[in-house]
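Enquirer: Sending over a structure as structure tokens; questions will come in a sec.
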């Protein structure tokens, strides 16, 4: 049986960006995830060892956010790759990484990229 698991509005301070100043001063980022996993009868058996552990998912995202990248596309791809490696039962991941208040010369609430793999 397929399960959909969502972690929404995770916020991090990180140092991603194409400009040197962004990589020095940092910015606020938000990450939303939707994970589709084949978990069999995990709900019926209540077997936590076969489930996708939400804390481990969060820690995986946090660890990837600590790796400075030039693009949020690379950040999202790194998150997806790390989750697939950690949880073989994952079938698909939809990851949105948003830079909050990006330095674009005007008022912009956020710029984001969504990758699904």
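In our numbering, the protein residues as written are 2 to 118. Think of the CB as a built atom: it goes at the ideal place given N, C-alpha and C, for glycine as much as any other residue.
#1: Counting only beta-carbon separations shorter than 8 Å, does residue 20 have a partner in chain B?
#2: Between which two residues does the beta strand (DSSP E) carrying residue 28 extend?
#3: Quick one: measure Cβ to Cβ for residue 76 and residue 84, integer angstroms, because I've assumed they're closer than 8 Å.
#4: Touching or not, the segment 64 to 73 and the segment 40 to 54, by the rule of three or more beta carbon pairs under 8 Å?
#5: Using the DSSP secondary-structure output, state which residues sit across from residue 4 in a beta bridge.
#6: Thinking residue 53 and residue 25 are a contact (beta carbons under 8 Å), I'd like their distance in whole angstroms, please.
#7: In this structure, how does DSSP classify residue 93 when only helix, strand and coil are distinguished?
Expert: Quick answer:
#1: Looking for chain B here will not work: only one protein chain is present.
#2: Per DSSP, residue 28 is one residue of the beta strand (DSSP E) stretching across 28 to 39.
#3: In fact, because the Cβ distance is near 13 Å, the residues do not count as touching under 8 Å.
#4: Output reads no: the segment 40 to 54 does not touch the segment 64 to 73.
#5: DSSP, once it has assigned bridges, lists 38 as partnering residue 4.
#6: With a contact defined as Cβ atoms closer than 8 Å, residue 53 and residue 25 miss out at about 35 Å.
#7: The answer is strand: DSSP assigns residue 93 an E or B state.
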